[in-house]
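Asker:
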Amino acid sequence: MTERTEQRTETGADLLIRLIRQSGAEVLFGYPGGAVLPLYDAVYRHHMRHVLARHEQGAVHAAEGYARVSGKPGVVFATSGPGATNLVTGLMDALIDSLPLVVFTGQVTRQAINTDAFQEADVIGITGSVTKHNFRVRNANELPEVVAKAFFLATSGRPGPVLVDLPKDICAGRLENAPDLVRDFQLPGYCVPNKADARVVNQLVQALKKAERPVLLSGAGVLHAHAARKLRVFAETCHLPVVTTFLGLGSMPASHPLFLGMGGMHGTFAANMALSECDLLLNIGSRFDDRLTGNLEKFAPNAEVAHVDIDASEIGKVVHTDYGLVGDAGAVLDQLQSALKEPMPGHRAWLNHLYGYADAHPIHYDHVLASRELLPQYVIEQICRFAGPDAVVATDVGQHQMWTAQYYHFEQPNRFVSSGGLGTMGFGLPAAIGAQIACPQKKVVAIIGDGGFQMTLQELAVITERKLPVKIFILNNHTLGMVRQWQEAFYGERYAESIPEMQPDFVRLAESYGIAAQQLTDPSCAAEVIESVFATDGPFLVDCTVKQMENVAPMVPPGKGLMEMTGV
């Protein structure tokens, strides 16, 4: 059934804006062009809030940042042809990191499709593999149902990006008595799981009672399900040491005594040894990606594996699974908690064993050197110190991203915004913009590298235009740091194209956009400078000249198991 209001005559673009509002969206991220001029005319006339990015990639990454911290779908507008193709990286990024987006792309008129018209592209074909689903609208009367389905698909089950391709003549044409958003529709074959099989839940609880060395692995699925509190309570009830994935950071408070840190390639020694020595591994909301597992033949070799995931295709896809529980992380945690009929083992010997690893091999850097040369780890520690536990931190991709995961202590969920599965350079600055728009009252920090910053630095204009108080810290080592580190370790120190000969003056660049900026080189005044930055009301950029040849450690080399970390 559909809900109808009073009779009206409106354009397809007017109808679309009305439907987007009825879907609950409050802001659009986009960039105009010829095929979406009717849409932008409707945005203007209906006073829809719109954030003008300076590149379509900036728009989609900003929408990702918005979605990551708000839990609401980010909505994107882009024109046909190059406007749509410029979104592909962000769509893939959102798909692999399970972020809800609803993206509307312009298209040439229906009669011009398949004629190689100006700025025509096969958007449906191009985006089929980088979206959860995509739609081509064939007439305006389809809009109420297509828009409803798009928002539902983006946010239900495993979240992801959904694209709607809109021929220009549909948006420009007029309709009479157009209906409101469809509230009742059918999606044959699409099933959204909630609770897991009760039989398997009970089997897992019995296995937990028998386990002597259990570990709980918490992934981003816990955060998508808003289940961080439930996970903490369950871990406390069962006395389970907790390891998080990179994107699971914040699902367990960093200061909690059961938290061992992040696992994987650049994880803590204690976390990786827990994964290696456990006899029962309970994975909630992680897809067992290769950066977490290392060599699969050496991953949790003596453990029974339980995997909770809302996406059934992830169960057993990478790691053999003994207990597969398909369902929402929060709902399954409720089931597990309810199934605990008696006190669980305390695992004191196991916990003390892991604490011994943590004490003997903490994440560390050279503090003596840090007194003479500005080290990136020290900078991140000071940012964490002065930003406060409620701040939202967005990173780009590279060494600074891993140092942030290691040295920034996330105490609350949904405070960490980063590109995980795709590892998209250029993500950090626009994602911070989207996060600030989603959380205008919170401190938002962008920690980025000089390489990634130069991919989307034009989005500084949005910060000025929207008066967004984002604090930007460039960890500037004048190199493509992670590439250079791998060249040092595995390519005989042949630094092919990883140390650029020039880069702009980032301070003057920021000032040209109307943003206050300062260069930081002296470690003795770093704390004072960083504290003063967070005392300012508006945006601020700090260009931190850090040690060029500093490496991320520890590290699991390619092909090695988690227990074979170097640099511990």
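In my numbering, the protein residues as written are 10 to 577. Note that the Cβ used here is the ideal one computed from N, Cα and C, for glycine as well.
If you count every other CB in all the chains shown that lies within 10 Å of the CB of N186, and 16 or more means buried, which is it?
Answerer: By one-based count along the sequence shown, residue 186 stands at place 177. Per the 10 Å Cβ criterion, exposed.
Asker: So for N361, helix, strand or coil by DSSP?
Answerer: On the sequence shown, residue 361 is found 352 positions in, with the first residue counted as 1. Helix, per DSSP.
Asker: For T554 versus T575, is the C-beta spacing smaller than 7 Å?
Answerer: As a working mapping, residue 554 is identified with position 545 in the sequence shown. As a working mapping, residue 575 is identified with position 566 in the sequence shown. Not a contact, by the Cβ cut-off of 7 Å.
Asker: What residue ranges within the region 94-138 form continuous beta strand (DSSP E) runs of no fewer than 3 residues, ordered along the chain?
Answerer: DSSP runs (the beta strand (DSSP E)) wholly in the region 94-138: 110-116.
Asker: Could you compute how far the alpha carbon of I456 sits from the alpha carbon of L301?
Answerer: Counting from one through the sequence shown, the residue named residue 456 turns up at place 447. Counting from one through the sequence shown, the residue named residue 301 turns up at place 292. Distance between the alpha carbons of I456 and L301 is about 22 Å.
Asker: Report the three-state DSSP secondary structure of H376 (helix, strand or coil).
Answerer: Here the question's residue 376 lines up with position 367 in the sequence shown. In the structure shown, H376 sits in a helix (DSSP, three-state: H, G or I).
Asker: May I ask which residues mark the beginning and end of the alpha helix (DSSP H) holding S285?
Answerer: Taking the sequence shown and counting its residues from 1, the one referred to as residue 285 is at position 276. Taken as a continuous stretch (DSSP letters only), the alpha helix (DSSP H) holding S285 covers F278 to E286.
Asker: With distances taken from CA atoms, which of V117, T118, D189 and I133 is nearest E151?
Answerer: Numbered from its first residue, the sequence shown carries residue 151 at position 142. Of V117, T118, D189 and I133, the residue nearest in Cα terms is D189.
Asker: Verify whether the separation of the beta carbon atoms of S295 and T254 is less than 7 Å.
Answerer: Walking along the sequence shown from the start, residue 295 turns up at place 286. Walking along the sequence shown from the start, residue 254 turns up at place 245. Yes, they are a contact pair.
Asker: Residue ranges of each alpha helix (DSSP H) run of no fewer than 4 residues wholly in the region 22-66, ordered along the chain?
Answerer: Complete alpha helix (DSSP H) runs here, min 4: 46-54.
Asker: Would you call the region 532-552 and the region 507-516 in contact, with 3 or more CB pairs under 8 Å?
Answerer: Yes, the region 532-552 touches the region 507-516.
Asker: Rounded to whole angstroms, how far is the Cβ of N423 from the Cβ of V78, which I believe are closer than 8 Å?
Answerer: Start at 1 with the first residue of the sequence shown, and residue 423 comes out as number 414. Start at 1 with the first residue of the sequence shown, and residue 78 comes out as number 69. Going by Cβ atoms, the distance from N423 to V78 rounds to 5 Å, so yes, they are a contact pair.
Asker: Measuring CB to CB, does A87 end up less than 7 Å from E65?
Answerer: Within the sequence shown, the letter at position 78 stands for residue 87. Within the sequence shown, the letter at position 56 stands for residue 65. The answer is yes: Cβ separation under 7 Å.
Asker: For Q528, which of helix, strand or coil comes out of DSSP?
Answerer: Walking along the sequence shown from the start, residue 528 turns up at place 519. Looking at Q528 - three-state DSSP - the assignment turns out to be strand.
Asker: Alpha carbons only, please: which of P176, M101 and V155 is nearest the one belonging to N123?
Answerer: On the sequence shown, position 114 is the one that residue 123 refers to. Among P176, M101 and V155, the Cα nearest to that of N123 is on P176.
Asker: So A237 packs on S260, CB below 8 Å; how close in whole Å?
Answerer: Indexing the sequence shown from 1 puts residue 237 at position 228. Indexing the sequence shown from 1 puts residue 260 at position 251. Sure, about 5 Å apart at Cβ, within 8 Å.
Asker: Evaluate contact between the region 167-176 and the region 99-112, counting only Cβ atoms and requiring at least three cross-stretch pairs below 8 Å.
Answerer: Contact between the region 167-176 and the region 99-112 is present, because at least three Cβ pairs lie under 8 Å.
Asker: What residues in its chain sit with their C-beta under 7 Å from that of N203, if we drop five residues either side in the sequence?
Answerer: What you label residue 203 is simply residue 194 of the sequence shown in a count that begins at 1. Cβ within range, chain order: G336, D337 and A340.
Asker: Across the region 379-390 and the region 541-548, are there enough close Cβ pairs to call them in contact, namely three or more that are closer than 8 Å?
Answerer: Touching, no, given that fewer than three Cβ pairs across the two stretches are closer than 8 Å.
Asker: Please classify A315: does DSSP put it in a helix, a strand, or coil?
Answerer: Here the question's residue 315 lines up with position 306 in the sequence shown. Three-state DSSP puts A315 in a strand.
Asker: Only counting the same chain, and skipping five residues up and downstream in sequence, which positions put a Cβ closer than 7 Å to that of K158?
Answerer: Walking along the sequence shown from the start, residue 158 turns up at place 149. Excluding sequence neighbours, K158 sits near F194 and L196.
Asker: Quick check on the DSSP output: the beta strand (DSSP E) that includes P458 runs from which residue to which?
Answerer: By 1-based counting over the sequence shown, the position of residue 458 is 449. With the sequence shown as reference, residue 458 is identified as Gly, and Pro is not the correct amino acid for it. Segment V453 to G458, the beta strand (DSSP E) holding G458.
Asker: Quick one: give me the first and last residue of the alpha helix (DSSP H) that E474 is part of.
Answerer: The residue labelled residue 474 in the question sits at position 465 within the sequence shown. Start and end: L469 to E474.
Asker: Would you kindly work out how many angstroms separate the C-alpha atoms of T433 and Y417, rounded to a whole number?
Answerer: As a first step, residue 433 must be located in the sequence shown, where it is residue number 424. As a first step, residue 417 must be located in the sequence shown, where it is residue number 408. Their Cα atoms are separated by approximately 20 Å.
Asker: Applying the 10 Å Cβ sphere with the 16-neighbour rule, what's the burial state of R192?
Answerer: Counting from 1 along the sequence shown, the entry for residue 192 is found at position 183. Flag for R192 reads exposed.
Asker: Please state if the CB of A536 and the CB of Q391 are separated by a distance shorter than 7 Å.
Answerer: For the purposes of this step, residue 391 is taken as residue 382 along the sequence shown, with counting starting at 1. For the purposes of this step, residue 536 is taken as residue 527 along the sequence shown, with counting starting at 1. For Q391 and A536, yes; Cβs fall inside 7 Å.
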